[in-house]
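Read the structure below first, then the notes.
Residue numbers (this note's numbering): 539 to 1353.
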């Protein structure tokens, strides 16, 4: 038994200790606040951390710590502290407000919505909270519901908030975006200028302003703004690059080179300026010129020589000196102490190793880099890319959010984030990231082209045109941009503008520009049904010998499509006579023979071509097709095996062999091939679709079904019936009947003669307890099978029809 006096003394001592701990925590907090007032943030944060050691639930210290980290740009740490605050105190309005705002800035829409909702319950009239919710409503109206009225209401709310609080930049961005979407360029410029007057450091607004100036044709104003941006944001490497692209768009490469050389030579010399200058030389001139200039600079004892040596190794690698370049980097790393520069060089070496096929070494270097610095952005981006390729998209998104938290204008990270969202099936988020990458990169060609291609795929040609034209104002001779713009005008049947694009391509040097101009010309003539001009143009191209073989093949295909078999044969013969030693001419003649029934001659020709050029997949595939068409199954398989012996990793040959194995019932063999193909190229949608489909159709274990779903997520919401069927059937097998139905109904409509697709939809109707629809759909399965081979699910189909006819009655049975 414990004596009462002893217990009283013990409790008194314990309470005395608690009071002392709380007092000590409060003393640290007050000390931290005093240091903050003096501007000594680092020591203030140390004091706040001391508070947490004594009292982890100190509300005010947690808030001040988060605010201080946010104020000095440490967004990731600030976000974590705010999150800890609202977990402990959900009624913390400053915490919920800050989290809503920060989530919005990194496009974490779900978190923004959650915290804004919580903040609105605490303070429904708070301007910042209203601005976040207006932004979310505006975005939902654009990407989700498409509700024009909801969009107008969101814009009206944002306009009112700007009137109430002119410093509320979140609301201003909604107003600006709406003006741009309405193509009210003058009003948009005024709104941007008003916003910049309030926040002159908002660099993304400067990039948007450039686009508006482009639309207004203010060339002199563009140059002036670019020069101002370089002065205002001296640490942003995108700014000089954007001005350089503008110089080039004006045809003044020498001015661009002089500008960059002056910056590189200016004292005190800055490593970023030197690197930008050297990379420009590599792009605008050639790698050898860049390497020679880099060697000259290295002789003059430049700053950060290690980085320049690494850059030199990169040029050596690109020029073919791969082993020497790798050895130079390895020696450089070996002689350096751990540092940011050393870690950057380690990532550069990892890229080289990956390029040479040493994936193990590359991954080891990246992991070593991240062990030293878990936030190293280039290493995180490499890891994220590997995670995306492995379908671990959630982990990739976490890594990329970390990069964007530290570098919100990293266009490469945004592009990778777009790829992660696409792989996860979130195409709206993908589009948003592609759009942001365009702005962050200063409308660079690569980012602009990626976004434009997405817009074209969505038939949003007007916006795609705007994106491409803005990019071309800074890179007027870019063949990829011009070709994509030509495709837009072709889709709009805007022949005068398409002709202008073709002329611009013909003004460029190089085979790519010539090829693009010829292709657009041919497509324009065909689309306008100018048949005589079309054939005349192709004939002219075909007369260029080996360079014209593509045109010759098009002429032959056109004549065959028109039923002019003899004309096709004669043209192929004349082409061969003019180019007797050209393998393409021989292949063209053999292809015509195959189509016109001269199977023996065609087979002999294909075999001879394959023996002479075993690396050319076309010849093996043609040999496979003609032997298979004649019923020579073993000879057809042998053609594929021989082709794969010469090119074991060839995509199309492996693809064909997988199809053979699947048709013969060797599903495991087909899956094995598709697994290898998918590992080599997980971005290929058709490979992903086929692998996921095989797994879903032929494997019953949960692991295989989960893998099929991970692979197929990217197929969601794609307007391709085969993809819709794969995703829908996997959703059905996972028990998600709503998702299954929304995918399988359009799939069945798009593939009305495919029994398996009709069967998948019938099963879905049955599982949803819609017997009348299920009965009608099972009958469509019977109709699709017709007199063809009886599929494995036919017995079940017939049984279901009998059951459903009994269940729904005669009336439904007749429909």
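All residues carry an ideal CB built from backbone N, CA and C; glycine is no exception.
Residue i (DSSP reduced to helix, strand or coil)
{"i": "residue 770", "result": "helix"}
{"i": "residue 1279", "result": "helix"}
{"i": "residue 879", "result": "helix"}
{"i": "residue 1134", "result": "coil"}
{"i": "residue 912", "result": "coil"}
{"i": "residue 956", "result": "helix"}
{"i": "residue 817", "result": "helix"}
{"i": "residue 644", "result": "coil"}
{"i": "residue 1088", "result": "helix"}
{"i": "residue 1331", "result": "coil"}
{"i": "residue 1166", "result": "helix"}
{"i": "residue 872", "result": "helix"}
{"i": "residue 1345", "result": "helix"}
{"i": "residue 778", "result": "helix"}
{"i": "residue 1284", "result": "helix"}
{"i": "residue 536", "result": "Because the chain here runs from 539 to 1353, residue 536 falls outside it and cannot be looked at."}
{"i": "residue 789", "result": "coil"}
{"i": "residue 981", "result": "coil"}
{"i": "residue 1120", "result": "coil"}
8 Å contact criterion, which residue i and residue j should meet: CB distance rounded
{"i": "residue 1312", "j": "residue 1322", "result": "Residue 1312 to residue 1322, Cβ: 15 Å. No contact."}
{"i": "residue 1026", "j": "residue 1051", "result": "Between residue 1051 and residue 1026 the Cβ distance is about 18 Å, and since that is not below 8 Å, they are no contact."}
{"i": "residue 1036", "j": "residue 1024", "result": "6 Å"}
{"i": "residue 669", "j": "residue 657", "result": "Not really, about 11 Å apart at Cβ, beyond 8 Å."}
{"i": "residue 935", "j": "residue 955", "result": "7 Å"}
{"i": "residue 675", "j": "residue 688", "result": "6 Å"}
{"i": "residue 1283", "j": "residue 1316", "result": "Not really, about 15 Å apart at Cβ, beyond 8 Å."}
{"i": "residue 1094", "j": "residue 1134", "result": "No, residue 1094 and residue 1134 are not in contact; Cβ-Cβ is about 11 Å, not under 8 Å."}
{"i": "residue 930", "j": "residue 911", "result": "About 22 Å separates the two Cβ atoms, so there is no contact after all."}
Of the listed residues the options, nearest to residue i (C-alpha basis)
{"i": "residue 836", "options": "822, 851, 823, 824", "result": "851"}
{"i": "residue 977", "options": "1005, 861, 704, 810", "result": "1005"}
{"i": "residue 574", "options": "563, 562, 603", "result": "603"}
{"i": "residue 1118", "options": "1087, 891, 1134", "result": "1087"}
{"i": "residue 1008", "options": "568, 753, 620", "result": "753"}
{"i": "residue 970", "options": "990, 982, 937", "result": "990"}
{"i": "residue 736", "options": "676, 703, 698", "result": "703"}
{"i": "residue 1249", "options": "662, 1270, 1227, 581", "result": "1227"}
{"i": "residue 883", "options": "599, 722, 903", "result": "903"}
{"i": "residue 1331", "options": "1187, 893, 1294", "result": "1294"}
{"i": "residue 596", "options": "623, 1112, 605", "result": "623"}
Local Cβ density within 10 Å of residue i, reported as buried at 16 or more and exposed below that
{"i": "residue 1062", "result": "buried"}
{"i": "residue 1047", "result": "exposed"}
{"i": "residue 1335", "result": "buried"}
{"i": "residue 1090", "result": "buried"}
{"i": "residue 806", "result": "exposed"}
{"i": "residue 630", "result": "buried"}
{"i": "residue 1342", "result": "buried"}
{"i": "residue 1150", "result": "exposed"}
{"i": "residue 724", "result": "exposed"}
{"i": "residue 1217", "result": "exposed"}
{"i": "residue 898", "result": "exposed"}
{"i": "residue 1344", "result": "exposed"}
{"i": "residue 1122", "result": "buried"}
CB contact flag (residue i, residue j, <9 Å)
{"i": "residue 995", "j": "residue 986", "result": "no"}
{"i": "residue 570", "j": "residue 560", "result": "no"}
{"i": "residue 1264", "j": "residue 1240", "result": "no"}
{"i": "residue 1191", "j": "residue 1199", "result": "no"}
{"i": "residue 1215", "j": "residue 1246", "result": "no"}
{"i": "residue 706", "j": "residue 666", "result": "yes"}
{"i": "residue 813", "j": "residue 781", "result": "no"}
{"i": "residue 740", "j": "residue 733", "result": "yes"}
{"i": "residue 849", "j": "residue 818", "result": "no"}
{"i": "residue 940", "j": "residue 967", "result": "no"}
{"i": "residue 1205", "j": "residue 1232", "result": "yes"}
{"i": "residue 932", "j": "residue 962", "result": "yes"}
{"i": "residue 867", "j": "residue 887", "result": "yes"}
{"i": "residue 1161", "j": "residue 1141", "result": "yes"}
{"i": "residue 776", "j": "residue 612", "result": "no"}
{"i": "residue 696", "j": "residue 709", "result": "yes"}
{"i": "residue 626", "j": "residue 654", "result": "no"}
{"i": "residue 871", "j": "residue 894", "result": "no"}
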